[in-house]
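Under numbering that gives the first Met the number 0, the first residue of the sequence shown is numbered 0, with each subsequent residue one higher.
Below is one structure, written out as structure tokens; the observations come after it.
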Amino acid sequence: MAMLLVGSLIPLSMAAENTTAVTTAPTLQLDNSTREEVIAGQLITQLQRLSKFAENRIWPIKDKLPENSSILENYQKAEGYKTKAVDEYNSGDYYSSILDSLTAMHFYKAALIQLKEGREKVENIKEHMRAETARMMEYFKMVGKTIRIAQKQGIDVSNLTVLYNETKDAYKLVLEDLKARNFEKAREDLAAAREKKAELDSELKRVRRELAYKNADKIVREFLVRGEKGMELAQKAIKNANERGYNTTELQRRLNTFKSVYEEVKNLADEGKWGDALKVMNENRKTIMDFHRAMDSLRRKAEERELQTKLKDMKTFLRETAGRIQKDARALNTLKRRGVDTRRAELQLRTAVQELKLGIQLMKQHKPAQAKMHFAIALDLIHRVDEFILAHA
0 MAMLLVGSLI PLSMAAENTT AVTTAPTLQL DNSTREEVIA GQLITQLQRL SKFAENRIWP
60 IKDKLPENSS ILENYQKAEG YKTKAVDEYN SGDYYSSILD SLTAMHFYKA ALIQLKEGRE
120 KVENIKEHMR AETARMMEYF KMVGKTIRIA QKQGIDVSNL TVLYNETKDA YKLVLEDLKA
180 RNFEKAREDL AAAREKKAEL DSELKRVRRE LAYKNADKIV REFLVRGEKG MELAQKAIKN
240 ANERGYNTTE LQRRLNTFKS VYEEVKNLAD EGKWGDALKV MNENRKTIMD FHRAMDSLRR
300 KAEERELQTK LKDMKTFLRE TAGRIQKDAR ALNTLKRRGV DTRRAELQLR TAVQELKLGI
360 QLMKQHKPAQ AKMHFAIALD LIHRVDEFIL AHA
């Protein structure tokens, strides 16, 4: 089939060379050996061009590829078959030269396709690294505020401060690597930065636990407000699901379990026993988290439906979302002037803006699936800010 396909090129090339004689001379007849020589020569010419094209793209990054890289393996096979095809052509073995030229072309194509796919994969990884590093900048702002609050309340934050500075410097180094386009070093530095963050998370957890008991009354009150709203949402969801004939046994079980914990915490809070109430919350952390996860899942499903509808008209979606963010920012400023602690909500709103920007960038790169993920995170954060504002209105 390859012989027939390539052989079909010969009449065209011969016609180009004999246009002046075609009306006066008889048709040129080629025997098999002559035809093979012409085909082999044309293939060698094309093969040399393809070899140079592949070399220009693969050779500069050769040392950066792993030893067992399939790109290098296919490229080396292609080079081997090319050398063999040229030698066979020079020695007059045109038939073998044709076969090895076509085989070399196959391996060049495989190497170039893998190179293209690898670059796309690298770009995706770089994008995730940039996104993670950008989110960490907001995380560091939260840690910095925690350190300042804990210091004012007499809590030892010396170790937390050291880990905070070290982790922050580690992520800044990743950003510098990405700006310098040193991807390999960025990947290594990101792994080291994540290890530092794990240490920072552990120490932050200790300091926040101390802060929690010093501010038990505020935490318990927030739990009671959020818990009441969550139970109302669960009851509505169960009612709607029952009307549609869905099984609500598991959701009802989680609601009942959470309700018993809620009532115990509320009774202790009513007696002013804030520390004991917080202790009950800690002892029943899994129950509380399971319930709120179920509520978050219900909210995300509703937001998913909302997002699907809005994404059909991207301009409207972005305009409405930007309007919500501006409205929430003004509301938070009002609450802040009234003395309400809005730091967490402000952080959530800033992160929502960052996620929205990432989503827009991905849409411009024609990556709607990844953009949708960031838009969903942004909507979830905005919804949490809305809840905070309503709770303190």
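All residues carry an ideal CB built from backbone N, CA and C; glycine is no exception.
Remember, it's a predicted structure, so these values are computed and weren't measured experimentally.
- Look at residue 155 here: in three-state DSSP terms it is coil, with no helix or strand label.
- In terms of Cβ geometry, residue 62 and residue 84 do not form a close pair [threshold 7 angstroms].
- Sixteen is the threshold: when 16 or more other Cβ atoms of the shown chains lie within 10 Å of the Cβ of residue 107, as they do, the residue is buried.
- In the three-state reduction of the DSSP assignment, residue 68 falls in the coil class.
- Taking C-alpha positions only, residue 90 is separated from residue 72 by approximately 27 angstroms.
- One Cα belongs to residue 221, the other to residue 234, and the distance between them is close to 20 angstroms.
- Taking C-beta atoms as the reference points, residue 170 and residue 191 fail to come closer than 7 angstroms.
- Counting of Cβ neighbours within 10 angstroms places residue 288 among the exposed residues, the total staying below 16.
- Residue 188 places its beta carbon less than 7 angstroms from that of residue 176.
- Spanning the alpha carbons of residue 172 and residue 363 requires a straight line of approximately 28 angstroms.
- At the C-beta level, residue 279 and residue 262 stay beyond 7 angstroms of one another.
- Annotation for residue 200: the continuous alpha helix (DSSP H) segment containing it runs 182-213.
- Remark: C-beta atoms of residue 194 and residue 349 do not approach each other more closely than 7 angstroms.
- Contact check for residue 347 and residue 389: beta-carbon distance about 14 angstroms, past the 8 angstroms limit, so the pair fails to qualify.
- In this model, residue 49 and residue 371 are separated by some 40 angstroms (Cα to Cα).
- Residue range 248-269 is occupied by the alpha helix (DSSP H) that includes residue 266.
- Rounded to the nearest whole angstrom, the CA to CA distance from residue 286 to residue 256 is 7 angstroms.
- Under the three-state reduction of DSSP, residue 332 is assigned to helix.
- DSSP places residue 274 in the uninterrupted alpha helix (DSSP H) bounded by 273-282.
- Around the C-beta of residue 273, 16 or more other C-beta atoms lie within 10 Å, and the residue is accordingly described as buried.
- In the three-state DSSP reduction, residue 143 falls in the helix class (H, G or I).
- According to the DSSP assignment, residue 369 belongs to the alpha helix (DSSP H) that extends over 367-391.
- By the C-beta density criterion, residue 55 is exposed, having fewer than 16 other C-beta atoms within 10 angstroms.
- Distance from the CA atom of residue 385 to the CA atom of residue 114, rounded to whole angstroms, is 46 angstroms.
- Listed in chain order, the non-local C-beta contacts of residue 198 below 8 angstroms within the same chain comprise 162 and 166, local neighbours out to five positions each way being set aside.
- With respect to residue 361, residue 353 sits apart: the two C-beta atoms are not nearer than 7 angstroms.
- One Cα belongs to residue 202, the other to residue 294, and the distance between them is close to 29 angstroms.
- Here residue 364 carries a coil assignment [DSSP, helix/strand/coil].
- Excluding residues up to 5 positions away in sequence, 237, 240 and 241 lie with their Cβ nearer than 7 angstroms to the Cβ of residue 247 in the same chain.
- Counting only the Cα atoms, residue 160 lies some 26 angstroms from residue 281.
- Residues of the same chain with a CB within less than 7 angstroms of the CB of residue 104, apart from the 5 flanking positions on each side, are 46 and 49 in chain order.
- Put simply, the backbone Cα of residue 207 is about 29 angstroms away from that of residue 375.
- Taking a C-beta distance under 7 angstroms as the contact criterion, residue 110 and residue 148 do not qualify as a contact pair.
- Between the C-alpha atoms of residue 151 and residue 145 there is a straight-line separation of about 10 angstroms.
- DSSP, reduced to helix, strand and coil, places residue 90 outside both helices and strands of the structure shown, so it counts as coil.
- Taking a contact to require three or more Cβ pairs closer than 8 angstroms, the region 177-184 and the region 124-136 qualify as touching.
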